[in-house]
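Each residue of the sequence shown is one higher than the one before, counting from 43 in the numbering used here.
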Amino acid sequence: MIEPEIGQAKDVAEHGKTKYTLIKDVEDYQPGLYEKRLPCFGCGLGWFSFLFGFLFPPMWFYATILYFGNYYRKDPRERAGLAASAILALGCSVVVLIFLLIRLFWFASATTM
Numbered sequence: 043m044i045e046p047e048i049g050q051a052k053d054v055a056e057h058g059k060t061k062y063t064l065i066k067d068v069e070d071y072q073p074g075l076y077e078k079r080l081p082c083f084g085c086g087l088g089w090f091s092f093l094f095g096f097l098f099p100p101m102w103f104y105a106t107i108l109y110f111g112n113y114y115r116k117d118p119r120e121r122a123g124l125a126a127s128a129i130l131a132l133g134c135s136v137v138v139l140i141f142l143l144i145r146l147f148w149f150a151s152a153t154t155m
């Protein structure tokens, strides 16, 4: 017969008589970082800025400032939405710059004729 190792109960009746105690009590439960809800309806500030930016583009620039200010270190789940907003802010800037350059050269050439 195989002898149980030191500290193990020999039968089922002795199993409940161990000297082990719980490290954490069930009532003292503290939720982890990823169990908390994200702000802005649960989708996070980055994705909220991304979606709301289609109606109000300065939100993309606000999220870009948060992204480069390392706001995502508070909650890493925010990083993807903030990065997406930063990319759209860059794209919006490029489109506005091209529009202004075309308008400047178009009207500059139209007035000289």
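All C-beta atoms, glycine included, are put in the ideal place defined by N, C-alpha and C.
Expressed to the nearest angstrom, what Euclidean distance is found between the alpha-carbon atoms of Cys-134 and Glu-77?
34 Å
Can you tell me where the alpha helix (DSSP H) holding Pro-100 begins and where it ends?
100-110
Below 8 Å on the Cβ atoms is my contact criterion, and I expect Leu-132 with Ala-105 to pass it. Report the Cβ-Cβ distance as a whole number of Å.
Actually they are not in contact, since the Cβ atoms of Leu-132 and Ala-105 sit about 12 Å apart, beyond 8 Å.
Can we say the segment 112-123 touches the segment 78-88, given the rule of at least three CB pairs closer than 8 Å?
With the cut-off at 8 Å, the segment 112-123 and the segment 78-88 touch.
If you draw a straight line from the C-alpha of Cys-82 to the C-alpha of Ser-91, how long is it?
Approximately 9 Å, taken between the alpha carbons.
Report yes if the C-beta of Cys-82 is less than 7 Å from at least one heavy atom of the ligand GDP; otherwise report no.
For the structure depicted, the ligand GDP is absent and the ligand set is empty, with no information on it obtainable.
From this set, Leu-80, Asp-117, Arg-79 and Phe-98, which residue's C-alpha is nearest Ser-127's C-alpha?
Phe-98
If you draw a straight line from the alpha carbon of Val-136 to that of Ala-152, how long is it in whole angstroms?
24 Å
Give the DSSP-derived three-state secondary structure of Phe-141 in the structure shown.
helix
Please go through the same chain and pick out, in chain order, the residues whose beta-carbon is closer than 6 Å to the beta-carbon of Pro-118, but skip the five residues on each side of it.
none
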